[in-house]
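Letter by letter, the sequence shown follows residues 1 to 118 of full-length UniProt numbering.
Beta carbons: idealized from backbone N, C-alpha and C, even for Gly.
What you are looking at is a predicted structure, and each value in this text was computed from that prediction instead of being measured.
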Amino acid sequence: MSSTLREVLSKGLPPPGSSALHRGHGRSRDVTPLPWKEFFDENRVLDIDGDKFNVYLKGNTGPVFYFLHGGGYSGLTWSCLATELCSRIECRLLVPDLRGHGHTQTQDESDLSTERQV
């Protein structure tokens with residue numbers, strides 16, 4: 001590797017041996033998942049034509065917010081936002097695990113057609 005390339009690749013990187021682990025600050029943190037009950041009021045399973053859709057609910061009155069998670073995630077993606085939003089305004093949250101994600105179980109996980117999604 002040329003010295004120029006080495007210099008370009010190392011710019012912005014911390015000097016070798018300066019990681020937090022070497023300074024004693026790298027203690028392991030508890031990354032145990034928290035239960036849904038800490039963020040939502042209710043967890044329902046909706047049976048629709050044999051498919052079982054997992055939905056988290058929060059709040060009883062006010063406008064309804066329907067949260068959709070991204071691919072590879074679950075409705076629990078919105079846990080912290082759900083808590084924060086409901087602490088600021090009176091609202092209801094509907095947060096599903098979409099087909100093929102989270103605790104939702106469908107008969108044909110590979111059918112991602114538009115007709116099936118709606």
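(message) Once DSSP output is grouped into helix, strand and coil, what is the label at residue 42?
(response) strand
(request) Return the residue from the list 45, 30, 58, 52 that minimises the CA-CA distance to residue 37. (result) 58
(request) In the DSSP assignment, find the unbroken alpha helix (DSSP H) run with residue 88 in it and report its ends. (result) Counting along the chain, the alpha helix (DSSP H) containing residue 88 begins and ends at 79-88.
(message) According to DSSP, simplified to helix, strand and coil, what is residue 5?
(response) helix
(message) Short of 6 Å in beta carbon distance, which residues of its chain neighbour residue 83, apart from the five on each side in sequence? Order them along the chain.
(response) 39
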